Amino acid sequence: MMKADEYSQEDEDGFCYMLLCRSILGRVLHCRDVRPKADVLEECQASGWDSLCGDRWAAVGTFREFVLFEPNQVYPAFILRYKPWSEATFCRAIRDASDAHDLEAASRLVPLTAILTDEHPDASVRYRLALLQATHSKLLIPELSRRLSDHRFRVRRASMLALMYLAAQTTTVEGIAQAVPALVESLGDTEIEIRTGAARTLERLGESSSLAVPALTNCLKDPANEMRAAAATALGQLGYQAVVAVPALLLCTSDEVEPVRVAAIVALGNLPPNAAPEPVVRMLQARLDDASGEVRSAAATALGQFGGVYVATVVPDLAARLGDSQADVRKAVAQALGKLGQKAAPAVPALVRSLKDPDMQVRRASATSLGRLGVNAAPAASALADALRDSNAQVRQASAVALGHLGRRNVAVDSSIVQALLKRGLIDANAEVRAASAESLADMARLGSLGDNAELVEKTMAVRVKDDDPNVRASAKGCLMQLRKKDKNDESESEDHQSSVIQLNWRRTEGQMRALRSVHAAHSH
Numbered sequence: 001m002m003k004a005d006e007y008s009q010e011d012e013d014g015f016c017y018m019l020l021c022r023s024i025l026g027r028v029l030h031c032r033d034v035r036p037k038a039d040v041l042e043e044c045q046a047s048g049w050d051s052l053c054g055d056r057w058a059a060v061g062t063f064r065e066f067v068l069f070e071p072n073q074v075y076p077a078f079i080l081r082y083k084p085w086s087e088a089t090f091c092r093a094i095r096d097a098s099d100a101h102d103l104e105a106a107s108r109l110v111p112l113t114a115i116l117t118d119e120h121p122d123a124s125v126r127y128r129l130a131l132l133q134a135t136h137s138k139l140l141i142p143e144l145s146r147r148l149s150d151h152r153f154r155v156r157r158a159s160m161l162a163l164m165y166l167a168a169q170t171t172t173v174e175g176i177a178q179a180v181p182a183l184v185e186s187l188g189d190t191e192i193e194i195r196t197g198a199a200r201t202l203e204r205l206g207e208s209s210s211l212a213v214p215a216l217t218n219c220l221k222d223p224a225n226e227m228r229a230a231a232a233t234a235l236g237q238l239g240y241q242a243v244v245a246v247p248a249l250l251l252c253t254s255d256e257v258e259p260v261r262v263a264a265i266v267a268l269g270n271l272p273p274n275a276a277p278e279p280v281v282r283m284l285q286a287r288l289d290d291a292s293g294e295v296r297s298a299a300a301t302a303l304g305q306f307g308g309v310y311v312a313t314v315v316p317d318l319a320a321r322l323g324d325s326q327a328d329v330r331k332a333v334a335q336a337l338g339k340l341g342q343k344a345a346p347a348v349p350a351l352v353r354s355l356k357d358p359d360m361q362v363r364r365a366s367a368t369s370l371g372r373l374g375v376n377a378a379p380a381a382s383a384l385a386d387a388l389r390d391s392n393a394q395v396r397q398a399s400a401v402a403l404g405h406l407g408r409r410n411v412a413v414d415s416s417i418v419q420a421l422l423k424r425g426l427i428d429a430n431a432e433v434r435a436a437s438a439e440s441l442a443d444m445a446r447l448g449s450l451g452d453n454a455e456l457v458e459k460t461m462a463v464r465v466k467d468d469d470p471n472v473r474a475s476a477k478g479c480l481m482q483l484r485k486k487d488k489n490d491e492s493e494s495e496d497h498q499s500s501v502i503q504l505n506w507r508r509t510e511g512q513m514r515a516l517r518s519v520h521a522a523h524s525h
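Residues 1 to 525 (the UniProt record's numbering) are what the sequence shown spells out, left to right.
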């Protein structure tokens, strides 16, 4: 609880908590009479009036109004007592103004709404006010946009935060696009918090804020590190419209500040794949050797986004980075190779080695990526089968999943995989590993890769349909369905074959009968 004096002190913007609280407490009366004595206040209280006394002030009020004998003081307990009613009144005023499209009322309510949404001490009140803004955004957005040029920093900041919140709501994105011109203007605000807020709001709007591309590109030269990073991040969300900013973003990849380099690389990685010129790929390859691990990770991730066009040179560079000194970089590289798909086949040996990486996340990413390489990762089958013994359950699960994605191999390899899934995966202590193993066996059944192990798999799945975990039971049932479906198809094919043979024999017999009849007719003549 704050002291009463703190509610009466104005800040440099001319706002104070007392005024904000009064604005939502209803009717305020200032009594110019001498403050009543204590017995008078007690008498008022006994007759149904609420009264609170302090050393320097006294307040007497009802649910509709209250009287201040010293207007510079508002007691916190009094505010809290009237809190539910005052909040309802304030929210109702916003709704009424929205329904009536009362722009004059909106101009008075919006600044207070924005400030209270940001600064109110009660999280539930902030949440309700934020929802109210989203619901009535059509009325509030124009006024919030106008307030971005207010001379008071507190108003600009609160309005920016409100627009940033609205930009994240899918139901209001279309309406908030009208705030883009004001947000572009705010990119030149004197306060760094306003400039970065504008960039982040434009980022959330995505391609709806394409009008901001020139201004954001210019912000890449901002003296504030945080602003350059925010501008680069925003440009990365604007799609094709941001292609014109590629030269400026390339310059930022050499920025002396690490977060700026990372933001620029991430932005370039978010460009449409066919919009990335060769200089961008060459730059990303060069950044794989950056002194910063964050930059190397970002470069690897970006290469995974569109490096497939230049796969011949990209894959060897990425594979070499699987030996990076930082685990986060190795993980990003493994994931990038998986995104390149079958084109990353030359990296299979390096990914197999990474299945033994000391970091669990690297091992899991390597197993997942090998699965994404499909049939081209067939040489990794035995290594993935061995990974079912990994000490980490997530690695074992990823390995079990990957084994089901490798396509058909030779009979010996298929048999070893089936045995590994049956003897390790399906009896694993972790339910997710068992479920993944059952799914992979179902995939192999669908491809006809079970061979002579089909009967054993069916018997094992008949047991697993009684597993304690519902996901394992569901996966086991799915595998049994695949096996039975294949049996029916085989029977159908056999019946079709027999039918074809019968029809062929019948046609031959019929032909022979016709020939005999012809011969008999000739002898008769």
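Just so you know, even glycine gets a beta-carbon here, dropped at the ideal spot from N, CA and C.
Since this is a predicted model, take the numbers as computed values, not measurements.
With 16 other Cβ atoms within 10 Å as the buried cut-off, status of residue i
i, result
"E143", "buried"
"L103", "exposed"
"V295", "buried"
"Y165", "buried"
"R95", "exposed"
"V472", "buried"
"L139", "buried"
"L251", "exposed"
"S391", "exposed"
"N274", "exposed"
"T283", "The sequence as given places Met at residue 283; Thr does not occur at that position. Label assigned to M283: buried."
"H151", "exposed"
"L406", "buried"
"Q305", "buried"
"A198", "buried"
"A229", "buried"
"A435", "buried"
C-beta atoms of residue i and residue j nearer than 8 Å
i, j, result
"L109", "A97", "yes"
"V280", "V246", "yes"
"A162", "V184", "no"
"A319", "A286", "no"
"Q361", "A327", "yes"
"Q169", "G206", "no"
"Q178", "V213", "no"
"A264", "A232", "yes"
"A438", "A476", "yes"
"M444", "G478", "no"
"S440", "L421", "yes"
"G451", "V411", "yes"
"L351", "A380", "yes"
"residue 594", "G338", "In the structure displayed, the chain extends from 1 to 525; residue 594 sits before or after that span and is not available."
"I194", "I141", "no"
"S297", "L322", "no"
"A167", "I115", "no"
"R396", "D428", "yes"
"A248", "T217", "yes"
"S416", "S382", "yes"
Any non-hydrogen atom of the ligand SAH closer than 7 Å to residue i Cβ
i, result
"A267", "The ligand SAH is absent from the structure shown, which contains no ligands of any kind."
Delimiting residues of the alpha helix (DSSP H) encompassing residue i
i, result
"S449", "Per DSSP, S449 belongs to no alpha helix (DSSP H) and is neither H nor E."
"V280", "278-287"
"R156", "153-167"
"Q419", "411-420"
"V266", "258-269"
"E185", "180-186"
"L140", "137-147"
"Q397", "393-403"
"N225", "225-235"
"S366", "360-372"
"R424", "Counting along the chain, R424 falls outside any alpha helix (DSSP H), and DSSP gives it neither H nor E."
"R389", "R389 -> no alpha helix (DSSP H), and no H or E assigned at all."
"E193", "192-205"
"D118", "103-119"
"A248", "246-252"
"A378", "Segment: none, A378 is in no alpha helix (DSSP H) and carries neither H nor E."
"Q241", "Q241 -> no alpha helix (DSSP H), and no H or E assigned at all."
"P349", "348-354"
"S209", "Careful: S209 lies outside any alpha helix (DSSP H) and carries neither H nor E."
"V465", "Where V465 is concerned, there is no enclosing alpha helix (DSSP H), given that its DSSP letter is neither H nor E."
"Q305", "293-306"
CB contact check: residue i to chain D, cutoff 8 Å
i, result
"V315", "Of the protein chains in the structure, only one exists, and it is not chain D."
Contained alpha helix (DSSP H) runs [length at least 4] in the segment 308-335, N- to C-terminal order: For the alpha helix (DSSP H) assignment, the uninterrupted runs of no fewer than 4 residues enclosed by the segment 308-335 are, from N- to C-terminal side, 311-320.
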